[in-house]
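Q: Submitted below is the structure of interest, expressed as structure tokens.
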Amino acid sequence: MSSVANLIGVRQPLAGVVYPPHEDLRRYMEAGLLGGATLPEAFADSFRNNAQRTAICGPEGTLSYEKLDELTDRAGAAMLRLGLRPLDRVIFQLGNSPELLIAFIGCLKAGLIPVCTLAAHRENEIGYLARHAQARGHIVQGDDKFDLVAFAAELKQRIPSMHVVLSSRGAARSGVARLEDLMQKEDPAQARRRLQDVPRDPFQAAVFQLSGGTTGVPKLIPRFHNEYLFNMRAVARYMDYRRDDVMYMPLPMIHNASMACAWGPILLVGAAFAVTPQVTPETMIQMLRECQPTWLAAGVKQALLKLKAAIDASGMKLDRVRGVWSINAAKYAREALGVPGCHIFGMAEGLIMFTRECDPVEAREQTVGKPVCELDQIRLLKPGTEDEVKRGEVGELAIKGPYTIHGYYDAAERNRQAFTTDGFYRSGDLMSARVIDGATYYVFEGRLKDVVDRGGEKVNCEEVEFALADHKAVADIGVVGMPDPSLGERICAFRAGFSAADVGVAQFAQHLEALGFAKYKWPERVEVMDTLPATKVGKPDKAELRRVAQSLSKETR
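Per my numbering, residue 115 is the first one in the sequence shown, and the count goes up by one each step.
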């Protein structure tokens with residue numbers, strides 16, 4: 115045991131990274147959860163074992179696992195040849211595309227650490243995160259509507275650590291290396307030999323994910339090779355992903371939800387991942403016809419409505435579809451598509467929950483399911499304390515487990531606030547536990563700080579949103595507080611979706627009354643939008659909705 119124990123732990127710690135305690139690592143390794151493989155090693159094994167199978171499909175063609183293996187070798191070797199070194203951080207600004215996967219996995223093979231920023235981020239986010247992570251590389255999309263190449267080249271002059279800017283997709287640009295051109299110069303055999311010399315450490319940081327908060331600049335979340343690999347494999351086992359599956363998820367592939375729950379697990383089991391660089395009706399119809407997905411991941415109900423329209427137009431039969439997962443639309447998937455719907459709940463900080471077809475209907479449609487790992491520990495705490503609430507009561511979700519973080523990168527003050535004294539991560543999410551057929555499921559009740567104070571009555575916005583999302587006239591819904599001189603705040607609901615102009619305050623009141631909601635939780639104003647504003651990480655932009663609500667309140671005085 116002592117010889118094994120001496121092998122546990124990172125060999126070359128990075129400043130600012132909070133590594134899991136030795137005792138936690140030992141316990142999870144003894145349980146068989148964490149092993150000695152790194153992400154690139156696990157992907158490379160799958161690529162070789164599934165060489166002739168399709169790894170990527172979509173409107174831009176297909177790639178076999180063998181070809182993906184070769185291209186990612188070439189990409190990784192090309193980045194090292196530019197002077198990037200193992201453990202260097204690399205900022206990513208690539209949209210959904212085969213090139214994103216090639217560059218990302220190439221980074222992993224080269225021992226580089228991708229920073230999971232978005233193509234939509236601009237100087238406020240990229241400038242801060244690049245400096246904070248001391249990034250030495252910046253990979254951008256060359257054919258984006260916004261000139262990311264010029265943006266990155268100009269920003270490089272003001273980031274002291276930045277060594278190289280690379281573009282991918284689009285035409286070559288003066289002064290900026292194009293990854294595809296560099297890859298062409300790499301001999302496949304020599305590239306593989308070069309990558310074999312890269313040090314591998316399963317306990318080292320593999321990826322810097324971003325926190326999904328709706329305000330402020332995101333925080334950096336170190337995810338480690340063996341725990342992130344376990345996260346992906348745990349999802350694949352829990353959801354029973356199979357080699358003959360095809361997964362389509364139009365949400366950003368750089369997001370943790372896609373990486374940890376979609377393309378990561380899919381590539382590890384030898385299945386295919388469908389990619390549409392543009393999420394238009396035409397590209398989705400083509401993808402559906404050519405790829406015939408068995409899994410569809412829609413995110414929110416509004417995305418599922420777009421998928422349904424594409425499915426109807428494509429003539430695709432849904433008999434092969436094993437499931438559609440979303441955050442809140444399992445019932446709609448079942449009723450509108452006739453396929454199993456399941457809910458997902460998760461965070462870049464770790465914990466993942468799903469419902470499955472084998473769960474009772476009540477659990478599938480009214481909860482977010484159960485954790486994918488039996489050693490995920492969950493506590494529901496009274497906000498502001500470390501005391502657990504009683505069964506059935508709402509509390510703040512606090513978590514600990516084999517793939518949950520122990521600290522944000524270089525954020526000592528935030529880490530003191532974000533963890534309990536015994537190391538449970540305070541998520542800021544409100545949950546309640548519900549026992550159904552003898553099993554414990556969890557119900558998402560909203561965010562800790564997303565409340566309306568209506569005359570002293572605290573109304574959880576997301577509780578109301580979840581209920582209104584099931585209304586037939588709603589594709590997307592946002593609930594915020596509207597300033598009121600007598601009550602402090604009243605509830606204002608913004609809805610997007612169908613054109614029924616007569617669905618407003620009275621209809622929502624009837625809907626909520628039928629669901630047993632107290633009257634003080636009913637919206638007192640309803641505004642219709644074509645689409646609701648969203649943050650750059652794809653979450654509802656509550657700050658913008660509050661601004662609109664405040665402006666509306668002034669107009670009515």
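Ideal placement from N, C-alpha and C gives every residue a C-beta, glycine not left out.
These numbers come from a predicted model, not from an experiment.
Which of the three DSSP states, helix, strand or coil, is assigned to phenylalanine 459?
A: As a working mapping, residue 459 is identified with position 345 in the sequence shown. Here phenylalanine 459 sits in strand by DSSP.
Q: Can you give the Cα-Cα distance for isoleucine 550 and proline 474, rounded to whole angstroms?
A: As a working mapping, residue 550 is identified with position 436 in the sequence shown. As a working mapping, residue 474 is identified with position 360 in the sequence shown. Roughly 8 angstroms between the two C-alpha positions.
Q: Does the beta-carbon of proline 173 have 16 or more other beta-carbons within 10 angstroms, so that it is buried, or is it exposed?
A: Here residue 173 is taken as the residue at index 59 of the sequence shown, counted from 1. Result: buried.
Q: So, using beta-carbon positions, are valine 486 and phenylalanine 459 closer together than 8 angstroms?
A: Position 372 of the sequence shown, counting from 1, holds the residue named residue 486. Position 345 of the sequence shown, counting from 1, holds the residue named residue 459. Contact: no.
Q: Per DSSP, which one or two residues make a beta bridge with proline 654?
A: Taking the first residue of the sequence shown as 1, we reach residue 654 at position 540. For proline 654, which the question treats as bridged, DSSP gives the partners Ala648.
Q: Any idea if cysteine 230 is buried or exposed, counting beta-carbon neighbours within 10 angstroms, 16 or more meaning buried?
A: What you label residue 230 is simply residue 116 of the sequence shown in a count that begins at 1. By the 10 Å Cβ count, cysteine 230 comes out buried.
Q: Between which two residues does the alpha helix (DSSP H) carrying glycine 220 extend?
A: Mapped onto the sequence shown, residue 220 falls at position 106. Here the alpha helix (DSSP H) through glycine 220 covers 212 to 223.
Q: With burial defined as no fewer than 16 other Cβ atoms inside 10 Å of the residue's Cβ, what is the status of lysine 415: buried or exposed?
A: In the sequence shown, the residue the question calls residue 415 occupies position 301. Buried: at least 16 other Cβ atoms inside 10 Å.
Q: Quick one, are the C-beta atoms of methionine 401 and alanine 388 less than 8 angstroms apart?
A: Position 287 of the sequence shown, counted from the first residue, corresponds to residue 401. Position 274 of the sequence shown, counted from the first residue, corresponds to residue 388. In this structure, alanine 388 lies closer than 8 angstroms to methionine 401 by Cβ.
Q: Is the beta carbon of arginine 434 closer than 8 angstroms to that of glutamine 392?
A: Here residue 392 corresponds to residue number 278 of the sequence shown, with the count starting at 1. Here residue 434 corresponds to residue number 320 of the sequence shown, with the count starting at 1. Result no, Cβ atoms of glutamine 392 and arginine 434 do not sit closer than 8 angstroms.
Q: Do you know how far the Cα of histidine 136 is from the Cα of glycine 123?
A: On the sequence shown, residue 123 is found 9 positions in, with the first residue counted as 1. On the sequence shown, residue 136 is found 22 positions in, with the first residue counted as 1. Going by the C-alpha atoms only, they are around 7 angstroms apart.
Q: Apply the 10 Å Cβ neighbour rule to glycine 197 and answer buried if 16 or more other Cβ atoms are within range, or exposed otherwise.
A: As a first step, residue 197 is located in the sequence shown; it is residue number 83 there, counting from the start. By the 10 Å Cβ count, glycine 197 comes out exposed.
Q: When you compare the segment 443 to 456 with the segment 360 to 379, are there three or more beta-carbon pairs, one atom per stretch, that lie closer than 8 angstroms?
A: Taking 8 angstroms as the limit for Cβ pairs, the verdict is that the segment 360 to 379 does not touch the segment 443 to 456.
Q: Tell me whether serine 665 is buried or exposed, calling it buried when 16 or more other Cβ atoms sit within 10 Å of its Cβ.
A: Counting from 1 along the sequence shown, the entry for residue 665 is found at position 551. Serine 665 comes out exposed.
Q: Just the C-alpha distance for isoleucine 219 and arginine 308, rounded to the nearest angstrom, thanks.
A: As a first step, residue 219 must be located in the sequence shown, where it is residue number 105. As a first step, residue 308 must be located in the sequence shown, where it is residue number 194. Isoleucine 219 and arginine 308: Cα-Cα distance of roughly 15 angstroms.
Q: Hey, would you say glutamate 239 sits closer than 8 angstroms to leucine 269, going by beta carbons?
A: Residue 239 sits at position 125 when you count from the first residue of the sequence shown. Residue 269 sits at position 155 when you count from the first residue of the sequence shown. Their beta carbons are not under 8 angstroms apart, which means glutamate 239 does not touch leucine 269 by this criterion.
Q: Does DSSP put arginine 660 in a helix, in a strand, or in coil?
A: As a first step, residue 660 is located in the sequence shown; it is residue number 546 there, counting from the start. Three-state DSSP puts arginine 660 in a helix.
Q: Assuming contact is defined by CB atoms lying nearer than 8 angstroms, are isoleucine 591 and glutamate 579 in contact in what I supplied?
A: Along the sequence shown, one-based indexing puts residue 591 at 477. Along the sequence shown, one-based indexing puts residue 579 at 465. Yes, these two residues count as a Cβ contact at 8 angstroms.
Q: In chain order, which continuous runs of the alpha helix (DSSP H) of length 4 or greater are located wholly inside the segment 178 to 266?
A: Counting only runs of 4 or more, we get 179 to 195, 212 to 223, 237 to 247.
Q: Figure out for me which residue from Leu208, Arg568, Gly146, Val662 has the closest Cα to the Cα of phenylalanine 260.
A: Position 146 of the sequence shown, counting from 1, holds the residue named residue 260. Of the listed residues, the one whose Cα sits closest to phenylalanine 260 is Leu208.
Q: Using only the alpha-carbon positions, how far apart do glycine 289 and tryptophan 636 sit?
A: Residue 289 sits at position 175 when you count from the first residue of the sequence shown. Residue 636 sits at position 522 when you count from the first residue of the sequence shown. Whole-angstrom Cα-Cα distance: 58 angstroms.
Q: For arginine 188, is the classification buried or exposed, using 16 other Cβ atoms within 10 angstroms of its Cβ as the cut-off for buried?
A: By one-based count along the sequence shown, residue 188 stands at place 74. So arginine 188 ends up on the buried side.
Q: Suppose you measure from the CA of glutamate 510 to the CA of leucine 226; what does that come to, to the nearest Å?
A: On the sequence shown, position 396 is the one that residue 510 refers to. On the sequence shown, position 112 is the one that residue 226 refers to. Taking the straight line from one Cα to the other gives about 35 angstroms.
Q: With burial defined as no fewer than 16 other Cβ atoms inside 10 Å of the residue's Cβ, what is the status of threonine 329: buried or exposed?
A: Within the sequence shown, numbered from 1, the residue matching residue 329 stands at position 215. Here the model assigns threonine 329 a pLDDT of 42, short of 50, so the residue's position is not dependable, and the following value carries that caveat. Counting Cβ neighbours within 10 Å, threonine 329 comes out exposed, since fewer than 16 surround it.
Q: With DSSP as the reference, label lysine 572 as helix, strand or coil.
A: Walking along the sequence shown from the start, residue 572 turns up at place 458. In the structure shown, lysine 572 sits in a strand (DSSP, three-state: E or B).
Q: Among Val131, Glu627, Lys653, which has the Cα closest to the Cα of glutamine 318?
A: Stepping through the sequence shown from its first residue, residue 318 is reached at position 204. The residue with the shortest Cα to Cα distance from glutamine 318 is Val131.
Q: By Cβ distance, which residues of its chain are closer than 7 angstroms to threonine 397, with the 5 residues on each side in sequence left out?
A: As a first step, residue 397 must be located in the sequence shown, where it is residue number 283. Counting only Cβ-Cβ distances below 7 angstroms, and skipping sequence neighbours, we find Pro173, Thr390.
Q: For tyrosine 517 and tyrosine 342, which I take to be in contact (beta-carbon distance under 8 angstroms), what is that distance rounded to the nearest angstrom?
A: On the sequence shown, position 403 is the one that residue 517 refers to. On the sequence shown, position 228 is the one that residue 342 refers to. The Cβ separation is near 7 angstroms, so the contact holds.
Q: Quick one: give me the first and last residue of the beta strand (DSSP E) that lysine 422 is part of.
A: The sequence position of residue 422 within the sequence shown is 308, counting from 1. First-last for lysine 422: 415 to 428, but that is the alpha helix (DSSP H), not the beta strand (DSSP E).
Q: Would you mind sorting aspartate 567 into buried or exposed? The rule is 16 or more other CB atoms within 10 Å of its CB.
A: On the sequence shown, position 453 is the one that residue 567 refers to. Label assigned to aspartate 567: exposed.
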